[in-house]
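In terms of full-length UniProt numbering, the sequence shown is residues 1 to 339.
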Amino acid sequence: MQGTQKPMVETSSWPGSTLQSLRKKEDGEYYACYRPKTLPCNSLTIMQSSYNQSDPKLTKEEAQLLAKENTGLEIENGFNPVTVVGCTGALHRPTEKCAVGMNSPFPGGYFHSKRWSSFFCQIGPFLSKVTIQRCLKRKTLYLLGDSTPRQWMEYLTRLNVVKIVYGSRFDSYFAHDADSKITIRWIKHSHPWLSNFPSNIKTSVTIPQVLDRIAVGGRRKDVIVVIGIGQHFRPYPPEVFIRRLQSIRRAILRLHAHSPQTVVVIKLENSIALKSSMISDSNWYGYIHNLAQRKVFEDLNVALVDAWDMTIAANTFNVHPNDIIVSNQVALALSFSCH
Numbered sequence: 001m002q003g004t005q006k007p008m009v010e011t012s013s014w015p016g017s018t019l020q021s022l023r024k025k026e027d028g029e030y031y032a033c034y035r036p037k038t039l040p041c042n043s044l045t046i047m048q049s050s051y052n053q054s055d056p057k058l059t060k061e062e063a064q065l066l067a068k069e070n071t072g073l074e075i076e077n078g079f080n081p082v083t084v085v086g087c088t089g090a091l092h093r094p095t096e097k098c099a100v101g102m103n104s105p106f107p108g109g110y111f112h113s114k115r116w117s118s119f120f121c122q123i124g125p126f127l128s129k130v131t132i133q134r135c136l137k138r139k140t141l142y143l144l145g146d147s148t149p150r151q152w153m154e155y156l157t158r159l160n161v162v163k164i165v166y167g168s169r170f171d172s173y174f175a176h177d178a179d180s181k182i183t184i185r186w187i188k189h190s191h192p193w194l195s196n197f198p199s200n201i202k203t204s205v206t207i208p209q210v211l212d213r214i215a216v217g218g219r220r221k222d223v224i225v226v227i228g229i230g231q232h233f234r235p236y237p238p239e240v241f242i243r244r245l246q247s248i249r250r251a252i253l254r255l256h257a258h259s260p261q262t263v264v265v266i267k268l269e270n271s272i273a274l275k276s277s278m279i280s281d282s283n284w285y286g287y288i289h290n291l292a293q294r295k296v297f298e299d300l301n302v303a304l305v306d307a308w309d310m311t312i313a314a315n316t317f318n319v320h321p322n323d324i325i326v327s328n329q330v331a332l333a334l335s336f337s338c339h
């Protein structure tokens with residue numbers, strides 16, 4: 001409204017008619033904001049997060065227990081020395097190639113010499129520009145979700161697999177390589193999006209909307225979809241995240257109904273630093289989210305990249321891990337399509 005700005009409070013509940021509903025009927029979920037009385041509903045353009053990480057419902061003792069300075073501390077112990085001996089037996093390696101629909105156990109692998117080795121399938125050698133371009137030649141790769149799949153895009157551009165044509169790291173990226181005819185798109189998921197950087201609600205799209213618009217058909221294998229969400233849902237009740245997963249599940253079923261050959265990869269959440277708020281960003285929420293994703297998608301013909309398993313195995317608690325971890329996540333994902 002001609003530059004008028006007023007704060008709005010976001011919520012995932014629906015307590016009354018004073019809220020502006022952002023519900024999309026086809027998605028089957030609610031999201032709303034408290035609307036200022038002087039502005040109409042359609043005036044909402046920008047969303048920006050500034051949430052309070054404290055919880056007034058905690059007692060003094062509970063708050064002290066969950067304080068950052070009291071988490072992740074080494075517990076005094078009197079363990080005896082541990083003797084490590086070499087393994088004389090042959091190293092077990094899986095004989096089956098990675099394929100969508102495979103059961104992904106936990107733990108599902110291990111790191112050795114900066115390489116992730118899977119317990120259940122053979123990972124392809126997709127760690128170099130040449131091998132990745134060979135895999136993605138004449139394909140479109142969709143990276144949908146939060147900033148962790150965006151890391152995959154940024155890693156692939158640093159590797160010169162593609163070059164970014166246009167976009168913003170707070171909205172979406174479009175990258176392309178003309179010689180190999182590779183297209184990669186990162187599209188951020190819609191609200192909730194927790195960031196101090198303003199987010200345009202009018203250009204925001206849900207993952208189901210993107211999946212419904214993907215131009216595929218028949219037996220074509222030229223599209224790969226990677227979905228990675230969860231971090232921005234941690235401050236909310238699990239029901240909010242589960243409803244979103246159910247919406248995505250229905251969209252995947254619609255996609256596979258007319259294009260069963262399209263590879264869909266579900267990337268689980270990375271672990272996060274212990275210095276984050278134990279109330280709103282705890283890894284406990286991420287653990288619950290990952291269990292929910294395994295349950296919601298378990299009977300679909302999709303692949304699973306257990307990023308949680310990888311970040312824990314590498315002993316990193318950075319929500320945006322280094323290229324060693326990201327490169328192995330990408331290699332595993334591509335193995336379900338090209339290996």
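Yeah, the Cβ is synthetic: ideal placement off N, Cα and C, and Gly gets one too.
Worksheet entry | Terminal residues of the beta strand (DSSP E) in which residue 177 lies | 172-177
Worksheet entry | Cβ neighbours of residue 297 in the same chain (closer than 6 Å, five flanking residues each side left out) | 266
Practice prompt. Return the chain-ordered list of same chain residues with a C-beta closer than 8 Å to the C-beta of residue 331, the five sequence neighbours on each side being excluded.
Written response: 116, 123, 124, 125, 126 and 127
Worksheet item: Is residue 303 helix, strand or coil by DSSP?
Response: strand
Item to complete: Give the C-beta separation of residue 347 and residue 313 to the nearest angstrom, bearing in mind that I take them to be a contact with Cβ-Cβ under 8 Å.
Response: The structure shown does not extend to residue 347, since the chain is modelled only from 1 through 339, so no value can be given for it.
Worksheet item: What is the rounded straight-line gap between the Cα of residue 14 and the Cα of residue 295?
Response: Note that residue 14 has pLDDT 42, beneath the 50 cutoff, so the model's placement of it is unreliable and the number below is only indicative. Approximately 26 Å, taken between the alpha carbons.
Worksheet item: In whole angstroms, what is the alpha-carbon distance linking residue 280 and residue 179?
Response: 45 Å
Worksheet item: Given that a residue counts as buried once 16 or more other Cβ atoms are within 10 Å of its Cβ, and exposed if not, what is residue 105?
Response: exposed
Item to complete: Measure from the alpha carbon of residue 46 to the alpha carbon of each residue in 274, 151, 200 and 144, then state which is nearest.
Response: 200
Worksheet item: Just checking my contact of residue 216 with residue 262 at CB under 8 Å: how many whole Å lie between their CB atoms?
Response: 5 Å
Item to complete: Using three-state DSSP, classify residue 327 as helix, strand or coil.
Response: helix
Practice prompt. Out of 62, 43, 238 and 184, point me to the one whose CA is closest to residue 291's CA.
Written response: 238
Item to complete: Assign residue 10 to one of three DSSP states: helix, strand, or coil.
Response: Since pLDDT at residue 10 reaches only 49, below the 50 mark, its modelled position is unreliable, and no value is offered.
Item to complete: Work out the CA separation of residue 321 and residue 273 for me, nearest whole Å.
Response: 10 Å
Worksheet item: Does the segment 185-194 come close enough to the segment 168-175 to have 3 or more Cβ pairs within less than 8 Å?
Response: yes
Fill in: Environment of residue 90 [buried if 16+ CB atoms lie within 10 Å]
exposed
Fill in: residue 325 burial status per 10 Å Cβ neighbour count (16 or more: buried)
buried
Worksheet item: Where does the unbroken beta strand (DSSP E) through residue 341 begin, and where does it stop?
Response: With the chain covering 1 to 339 only, the question about residue 341 has no answer from this structure.
Worksheet item: Do residue 121 and residue 338 have their C-beta atoms closer together than 7 Å?
Response: no
Item to complete: Report all residues from its chain with a CB closer than 8 Å to the CB of residue 165; omit the five preceding and five following residues, and keep chain order.
Response: 174, 175 and 176
Worksheet item: If you follow the alpha helix (DSSP H) that residue 129 is part of, which residue opens it and which one closes it?
Response: 129-136
Discussion item. Distance check for residue 247 and residue 190, CA to CA, integer angstroms please.
Written reply: 13 Å
Worksheet item: If you draw a straight line from the C-alpha of residue 241 to the C-alpha of residue 234, how long is it?
Response: 8 Å
Fill in: Residue burial classification, residue 230 (beta-carbon count within 10 angstroms, cutoff 16)
buried
Practice prompt. Could you tell me which residues DSSP pairs with residue 267 in its beta bridges?
Written response: 305
Worksheet item: Which partner residues of residue 122 appear in the DSSP bridge assignment?
Response: 97
Practice prompt. Compute the distance between the beta-carbons of residue 149 and residue 226, then report whether it is under 7 Å.
Written response: yes
Discussion item. What does the alpha-carbon distance come out to for the pair residue 306 and residue 97?
Written reply: 17 Å
Item to complete: Could you check which residue in 333, 336, 315 and 319 has the C-alpha nearest to that of residue 112?
Response: 315
Discussion item. Between which two residues does the beta strand (DSSP E) holding residue 168 run?
Written reply: 163-168
Worksheet entry | As assigned by DSSP and simplified to three states, the class of residue 335 | helix
Worksheet item: Who are residue 226's beta bridge partners in DSSP?
Response: 143 and 265
Practice prompt. Kindly give me the distance between the Cβ atoms of residue 192 and residue 232, rounded to whole angstroms, as I take these residues to be in contact under 8 Å.
Written response: 5 Å
Discussion item. Nearest by alpha-carbon distance to residue 41: which of 319, 300 and 202 is it?
Written reply: 202
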